[in-house]
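*Asks:* Let me give you the structure first, and then I'll get to my questions.
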């Protein structure tokens, strides 16, 4: 496997491990390790994200702030629609 393919595959594996641990934390499966395993896999995933951002020259701070702004706008719009619907039904 070439190094250029190795890092994304490692990240996918880390995310899969994290998903299993989160399912265990939620009681959906049995998996040893508990909180320590959760902390370890979160750190692994963060490291992989940082490596990939560096490799592809992504400004993570700018991307994060932009994404959070979009998310906030989406949530605000959705909440506004929900309040309007409840008001129309006389629930507000």
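Numbering (the numbering used here), first residue to last: 129 to 220.
Each residue gets a CB set at the ideal place from its N, CA and C atoms; glycine is no exception.
Computed from a predicted model, the values in this text were never measured in an experiment.
(1) Three or more C-beta pairs closer than 8 Å, one from the region 165-183 and one from the region 192-206: is that the case here?
(2) Exposed or buried, what is residue 197 when buried is set at 16 or more other beta-carbons lying within 10 Å of its beta-carbon?
(3) Using 8 Å for Cβ pairs, my map puts residue 158 next to residue 152. What's the rounded Cβ distance?
(4) Nearest CA to the CA of residue 150: which residue from 162, 199, 139, 140?
(5) Give the secondary structure of residue 208 by DSSP, where H, G and I count as helix, E and B as strand, and everything else as coil.
*Replies:* Inspection of the coordinates gives the following:
(1) no
(2) One-based indexing of the chain shown puts residue 197 at position 69. Looking at its Cβ environment, which holds fewer than 16 other Cβ atoms inside 10 Å, residue 197 is exposed.
(3) As a working note, residue 158 is residue 30 in the chain shown. As a working note, residue 152 is residue 24 in the chain shown. Confirmed, Cβ separation roughly 7 Å.
(4) Locating residue 150 in the chain shown gives position 22, where the first residue counts as 1. The candidate whose alpha carbon is nearest that of residue 150 is 162.
(5) Here residue 208 refers to the residue found at position 80 when the chain shown is read from its first residue. Here residue 208 sits in helix by DSSP.
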